[in-house]
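Comments concern the structure below.
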Amino acid sequence: RRGASLRVRGRRMHVALAAVSAAAVTGRAPPMVHIPPLGRATAAAPFRFEVDHVSRKPGSRARTGRIFTRHGVIETPGFVPVATSGALKGVTNEQADAAGVQLMFANTYHLMVHPGADAVAGAGGLHSYMGRTRPLITDSGGFQVFSLGASAASDGSELKRRNKRGGAGGLLLSTREKGVVFRSYFDSSPIELTPESSVRTQKALGADIIIPLDELPGEYVSREELTASVNLSHRWMARSLKEHLGDPRGQAMYGVVHGGSDRELRAQSAAFLSHLPFDGYAVGGSLGRDHEEMIELLEYVTPLLADQKRPRHLLGIGDERGVRAAAALGFDTMDSCYPTRIARHGTLLSRAGKLHITSGKYARDYGPIDPETPTVSASRAYMHHLAKMSEPLFITLAALHNIQYMTALMHELRERIRQDDI
């Protein structure tokens, strides 16, 4: 019976590859194709997603579920902290595990620049290289590459944090149909990144979930430019998927919905991806100028991604308001470096709001950081002292607190969804 299932899967894979190949050339959605799962996580097909509850609260799209991977199960909705270069800054893997981190995000671009995909592969993959036993997700490198371009008037919030090491002209050298060329910020050598090479790099890294190469235009580009960018991303993602399906290695690939704030383009992008055998969806690119615009856009996009067997991931959102809204709209995971980044700069999360711990009002505040969310055993006064003295321990304790706060928040949201309260 299992042999027959594998033969059926093989035939459907052949059909899917043909459809993906056509999409890679035309950028148009092919007829719907499916590669049915074998019914359970196995060495051949280790990735699957199950929804165990959909909220019955009127107007809610929230759901809870589980993502099954080679390296464990991810409870959803869940927050995903970012280990930029294969490490959460100031936090060990053991500490991350104890804090409840189930899925961790690593950036292909940074790992490609240093130490290089070959070095990571030589260790047996990113899990072995960084000593992590739980699931990992890597991006394509596209976001970082396009953030290296010269600053432009069309840039929005997604691209405003430009990398300044490349000078006024930036590090992005060219963007063509084949892919992009950029200069390494580490040694200035030119590096070519194509849909195929991005996938091969992510194969070498060996994360459980991988992302296809896409282009990230500025928030204020013309509609003509935005349309051309979405179509280019579609062709690149189809090429990425074709490369991935030729050697799956038990990894899952999420297609990325693009289109900026343009609803028509977002709908076209969602339709294109839903007709291809991606394992899940991610929503990326510019999501608007503020929370209100982001939430309105996501309220429109989420129903377009209605497949209950494919998880939804929100790229780059990690503030509490955004996370709460995303969970209510039915997103299963969301990643961001925000909680750990603000921790390093002295901002701690709490149910009473953000604590700017360097403020003098905390110098003799001997209470816990957040009385409602037990995290690290350090008082506000002690954290204030460590921050003011620039003690390295502060970075660790602050990052751990914010990570534990986020994991506790997600646990609460899952419970409230199951109770139909969200």
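Going letter by letter, the sequence shown gives residues 236 to 657 in this note's numbering.
Even glycine gets a Cβ: it sits at the ideal position worked out from N, Cα and C.
**Prompt:** So, is Glu647 buried or exposed, given that buried needs 16 or more other C-beta atoms within 10 angstroms?
**Reply:** Stepping through the sequence shown from its first residue, residue 647 is reached at position 412. Label assigned to Glu647: exposed.
**Request:** Measure the beta-carbon distance from Ile657 to Ser290 and round it to whole angstroms, keeping in mind my assumption that it falls under 8 Å.
**Result:** The residue given as residue 657 occupies position 422 in the sequence shown. The residue given as residue 290 occupies position 55 in the sequence shown. So it is a contact: roughly 6 Å between Cβ atoms.
**Prompt:** Among Ala506, Leu440 and Gln379, which has the Cα closest to the Cα of Ala358?
**Reply:** Residue 358 sits at position 123 when you count from the first residue of the sequence shown. The candidate whose alpha carbon is nearest that of Ala358 is Leu440.
**Message:** Taking a contact to mean a Cβ-Cβ separation below 7 Å, would you say Met339 touches Leu371 in this structure?
**Reply:** On the sequence shown, position 104 is the one that residue 339 refers to. On the sequence shown, position 136 is the one that residue 371 refers to. Contact: yes.
**Prompt:** Across which residues does DSSP place Tyr516 in a beta bridge pair?
**Reply:** In the sequence shown, residue 516 corresponds to position 281, counting from 1. Paired residue(s): Gly490 and Arg547.
**Message:** Give me the DSSP bridge partner(s) of His591.
**Reply:** Position 356 of the sequence shown, counting from 1, holds the residue named residue 591. Note: His591 sits in a beta bridge opposite Thr582.
**Request:** Would you kindly work out how many angstroms separate the C-alpha atoms of Thr373 and Asp449, rounded to a whole number?
**Result:** Residue numbering aside, residue 373 sits at position 138 when the sequence shown is read from its first letter. Residue numbering aside, residue 449 sits at position 214 when the sequence shown is read from its first letter. Each residue's Cα considered, the two are about 14 Å apart.
**Prompt:** Per DSSP, which one or two residues make a beta bridge with Thr304?
**Reply:** For this step, residue 304 is matched to residue 69 along the sequence shown. Gly307, per the DSSP bridge assignment.
**Residue ranges of each beta strand (DSSP E) within the stretch 392-460, 3 or longer** = 407-410, 415-418 and 425-428
**Message:** I need the DSSP call for Ile372, collapsed to helix, strand or coil.
**Reply:** The residue you call residue 372 lines up with position 137 of the sequence shown. Strand.
**Item:** Arg283, DSSP secondary structure in three states
**Value:** Your numbering for residue 283 matches position 48 in the sequence shown. Three-state DSSP puts Arg283 in a strand.
**Asked** So Arg586 packs on Asp600, CB below 8 Å; how close in whole Å?
**Response** Taking the sequence shown and counting its residues from 1, one reaches residue 586 at position 351. Taking the sequence shown and counting its residues from 1, one reaches residue 600 at position 365. Not quite, the Cβ-Cβ distance comes to about 16 Å (not below 8 Å), so this is no contact.
**First through last residue of the beta strand (DSSP E) which encompasses Pro627** = For the purposes of this step, residue 627 is identified with residue 392 of the sequence shown, where counting begins at 1. Here Pro627 belongs to no beta strand (DSSP E); instead the alpha helix (DSSP H) covers Pro627 to Arg653.
**Asked** Is Ala341 helix, strand or coil by DSSP?
**Response** Taking the sequence shown and counting its residues from 1, one reaches residue 341 at position 106. Three-state result, Ala341: strand.
**Prompt:** Between Val243 and the rest of its own chain, which residues show a CB-CB distance below 7 Å, the 5 nearest in sequence each way excluded?
**Reply:** Sequence index remark: in the sequence shown, residue 243 carries index 8 (1-based). Bear in mind that the predicted position of Val243 carries a pLDDT of just 47, short of 50, making it too unreliable to give a figure here.
**Asked** By how many angstroms is the C-alpha of Val465 removed from the C-alpha of Gly377?
**Response** Start at 1 with the first residue of the sequence shown, and residue 377 comes out as number 142. Start at 1 with the first residue of the sequence shown, and residue 465 comes out as number 230. C-alpha separation (whole angstroms): 13 Å.
**Asked** DSSP beta-bridge partners for Arg482?
**Response** Indexing the sequence shown from 1 puts residue 482 at position 247. The question names Arg, but residue 482 in the sequence shown is Asp. The partner list for Asp482 (beta bridge, DSSP) is empty, contrary to what the question assumes.
**Prompt:** Would a C-beta distance cut-off of 7 Å place Tyr640 and Thr608 closer than the cut-off?
**Reply:** Sequence index remark: in the sequence shown, residue 640 carries index 405 (1-based). Sequence index remark: in the sequence shown, residue 608 carries index 373 (1-based). Closer than 7 Å, so yes.
**Item:** Contacting residues, own chain, Cβ-Cβ under 7 Å from Leu476 (five flanking each side not counted)
**Value:** For the purposes of this step, residue 476 is taken as the residue at position 241 of the sequence shown. So the qualifying residues of the chain are Val255, Pro447, Met488, Leu511 and Phe513.
**Buried versus exposed call for Leu564 [16 or more other C-beta atoms within 10 Å across all chains shown]** = For the purposes of this step, residue 564 is identified with residue 329 of the sequence shown, where counting begins at 1. It is buried - the Cβ of Leu564 has at least 16 other Cβ atoms within 10 Å.
**Prompt:** What residue from Glu527, Thr568, Tyr516 and Val286 has the CA that sits closest to Arg233's CA?
**Reply:** This structure cannot settle anything about residue 233, because the visible part of the chain is limited to 236 through 657.
**Message:** For Ile426, which residues in the same chain have their Cβ closer than 8 Å to its Cβ, ignoring the five residues on either side in sequence?
**Reply:** As a working mapping, residue 426 is identified with position 191 in the sequence shown. For Ile426, where only same-chain residues beyond five positions count, the Cβ hits under 8 Å are Met347, Val348, Val416, Phe417, Arg418 and Ser419.
**Request:** With 7 Å as the threshold, decide whether the Cβ of Ala257 is near any Cβ in chain C.
**Result:** In the structure shown, chain C does not exist; there is a single protein chain.
**Those residues which DSSP pairs with Asp570 across a bridge** = Locating residue 570 in the sequence shown gives position 335, where the first residue counts as 1. Bridge partners of Asp570: Val315.
**Request:** Could you spell out where the alpha helix (DSSP H) holding Asp353 opens and where it closes?
**Result:** Position 118 of the sequence shown, counting from 1, holds the residue named residue 353. Ala352 to Gly357 is the extent of the alpha helix (DSSP H) around Asp353.
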